[in-house]
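Here is the structure we will look at.
Numbering (my numbering), first residue to last: 1 to 401.
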């Protein structure tokens, strides 16, 4: 009790039970700060129920039914669903300073006033809504401003959905492509859409998620991307769809996947949709030495090739590729070293053959075939001794990250 008496003397008895109990949390047993303070009051025969606290200015009185009415009103206004939450608060700086000074004066390593405020509000939300406080990954964050009259703001964290996609129609980009003339503002060239192409792999799935979740915006994160004229076949390319500020989070993903695929039949398909964590977004974008892609290319030569030279293509290994001319405006001009892991061919006619090639991710196939004015070494054209282009290209496999 000596510490309690010293704190009471230091504050002239003007301290609330929350602040007194908090400072005694390591010296007096109790399930909460009020209980600890009550033990002191009983032992010393004092009453702190109506004390004007010189530490917190009785800020805990603001954690009343009125505050929870505001929280409830904000939840209803936004119409949000959530299972996990976190509480953050803003309290006057001078209150925090007085709280810290008192702890330092008595060398107390106890909870700060802000942590107690957050904890108590979180406890109230848990009791009212039966939702779990989560410090690492939460659906929403309650930001409570207690500097004047309490104000409530709710931060809605993104929803992440992982899956794989196929693209069965050429001419569809992976993501929304702004009109090159108006840069997305809308003009005659793009019929006011602001888009270079009417639809994309991203939009054909995101529009359904945005409608269902009432989200603000969607962002598509793919494990690489294929050119607009290239199909994505096989088991598909991994992706993560990020829905920003979703108000509805509880989704029947299997049902939604089925509905989206029916609507987009013949164009795109999406498989294995499941919720994931934010970290997956970065994981699928990161290339590792173990990742690979398999392509099928129809190679067209400008004159008949020597069939015997095709066998030399199977020996392709290390490829030095300077950034292709066609993407130079949006990629750093540098030489990338990639490897061909396997190559098979099938002759179609004296100027055409099909090539199935397995490579490390990031190898440009079209340039591997054409040579790209010498920027890709070695290359198919050089080995065959004739000009060659990729007439048609399909991705048939993208390895898992």
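Backbone N, C-alpha and C fix where the C-beta goes; we use that ideal spot for every residue, glycine too.
All figures in this text were calculated on a predicted structure; none of them were measured in a lab.
Which residues mark the beginning and the end of the beta strand (DSSP E) in which residue 317 is found?
From DSSP, residue 317 is part of no beta strand (DSSP E); its letter is neither H nor E.
Cβ neighbours of residue 387 in the same chain (closer than 6 Å, five flanking residues each side left out)
These residues qualify, in order along the chain: 302 and 381.
Helix, strand or coil for residue 305, going by three-state DSSP, please let me know.
When secondary structure is reduced to three states using DSSP, residue 305 falls in the coil class, being assigned neither helix nor strand.
What is the rounded straight-line gap between the Cα of residue 69 and the Cα of residue 63?
Using only the alpha carbons, I get a separation of about 11 Å.
So, is residue 306 buried or exposed, given that buried needs 16 or more other C-beta atoms within 10 angstroms?
By the neighbour-count criterion, in which a residue is buried when 16 or more other Cβ atoms sit within 10 angstroms of its Cβ, residue 306 is exposed.
Length of the line joining the Cα atoms of residue 141 and residue 35
Going by C-alpha positions, residue 141 is about 29 Å away from residue 35.
Going by beta-carbon coordinates alone, are residue 160 and residue 277 separated by less than 8 Å?
With contacts defined by Cβ atoms closer than 8 Å, residue 160 and residue 277 form a contacting pair.
Take residue 108 as the anchor and find which of 21, 186 and 133 has the nearest alpha-carbon.
When C-alpha distances from residue 108 are compared across 21, 186 and 133, the shortest belongs to 21.
Kindly identify the DSSP beta-bridge partner or partners of residue 143.
Among the bridge pairs identified by DSSP, residue 143 is matched with 88 and 153.
Based on the DSSP secondary-structure assignment, which residues constitute the bridge partners of residue 166?
The secondary-structure analysis by DSSP pairs residue 166 across a beta bridge with 269.
Any 3 or more C-beta pairs closer than 8 Å across the region 219-230 and the region 159-177
Because the criterion of three Cβ pairs below 8 Å is met, the region 219-230 and the region 159-177 touch.
Contact check, residue 239 vs residue 164 under 8 Å by CB: the rounded distance?
Between residue 164 and residue 239 the Cβ distance is about 7 Å, and since that is below 8 Å, they are a contact.
When burial is assigned at 16 or more other CB atoms within 10 Å of the CB, is residue 97 buried or exposed?
Residue burial annotation: residue 97 is exposed, with fewer than 16 other C-beta atoms found within 10 angstroms of its C-beta.
Under 7 Å Cβ to Cβ from residue 53, same chain only, skipping five residues before and after it: list those, please.
The residues are 14, 15, 16 and 19.
Quick check on residue 197: does DSSP put it in helix, strand or coil?
The three-state secondary structure of residue 197, taken from DSSP, is coil.
Between 322, 154 and 315, which has its C-alpha nearest residue 344's C-alpha?
When 322, 154 and 315 are compared, the shortest CA-CA separation from residue 344 is found for 315.
Assuming residue 120 contacts residue 166 under a Cβ cut-off of 8 Å, what Cβ separation, rounded to an integer in Å, is found between them?
No, residue 120 and residue 166 are not in contact; Cβ-Cβ is about 51 Å, not under 8 Å.
Quick one: give me the first and last residue of the beta strand (DSSP E) that residue 25 is part of.
Segment: none, residue 25 is in no beta strand (DSSP E) and carries neither H nor E.
Since residue 282 is in the beta strand (DSSP E), which residue starts that stretch and which ends it?
Where residue 282 is concerned, there is no enclosing beta strand (DSSP E), although the alpha helix (DSSP H) it sits in stretches over 279-285.
Could you please give me the residues that DSSP links to residue 234 through a beta bridge?
None, per the DSSP bridge assignment.
For residue 162, which residues of its own chain have a beta-carbon under 6 Å away from its beta-carbon, when the five flanking residues on both sides are left out?
Around residue 162: 240, 274, 276 and 280.
Excluding the 5 residues preceding and the 5 following residue 128 in the sequence, name in chain order all residues of the same chain whose CB lies nearer than 7 Å to its CB.
Answer for residue 128: 68, listed in chain order.
Give the range of the beta strand (DSSP E) segment to which residue 404 is assigned.
Limits of the chain in this structure are 1 at one end and 401 at the other, which puts residue 404 out of reach.
Between the region 193-205 and the region 253-268, do at least 3 Cβ pairs fall closer than 8 Å?
With the rule of 3 Cβ pairs closer than 8 Å, the region 193-205 counts as touching the region 253-268.
State the DSSP-derived secondary structure class of residue 122, mapped to helix, strand or coil.
It is helical.
Which same chain residues end up closer than 7 Å to residue 58 when comparing Cβ atoms and leaving out the 5 residues on each side of it in sequence?
The answer, listed in chain order, is 16 and 52.
Go through its chain and collect everything with a Cβ distance to residue 85's Cβ below 8 Å, but skip five positions before and after it.
For residue 85, the CB contacts under 8 Å within the same chain, skipping 5 residues up- and downstream, are 122, 125, 131, 132, 133, 134, 138, 139, 140, 141 and 142 in chain order.
Between the Cα of residue 158 and the Cα atoms of 82, 41, 114 and 95, which residue gives the shortest distance?
Of 82, 41, 114 and 95, the residue nearest in Cα terms is 82.
Can you give me the C-alpha to C-alpha distance between residue 378 and residue 399, rounded to a whole angstrom?
Distance between the alpha carbons of residue 378 and residue 399: 25 Å.
Please look up how many angstroms separate the CB atoms of residue 338 and residue 383, rounded, as I've assumed it's under 8 Å.
Not confirmed; about 17 Å, so no contact.
So the candidates are 336, 330 and 300; which of them puts its Cα closest to the Cα of residue 352?
Checking every option, the nearest Cα to that of residue 352 belongs to 300.
Find the nearest neighbour of residue 404 within the set 341, 87 and 358, judged by alpha-carbon distance.
Because the chain in this structure spans residues 1 to 401, residue 404 falls outside the shown range and cannot be described.
Just confirm the distance between the C-beta atoms of residue 91 and residue 117, as a whole number of angstroms; I'd bet it's less than 8 Å.
The Cβ separation is near 6 Å, so the contact holds.
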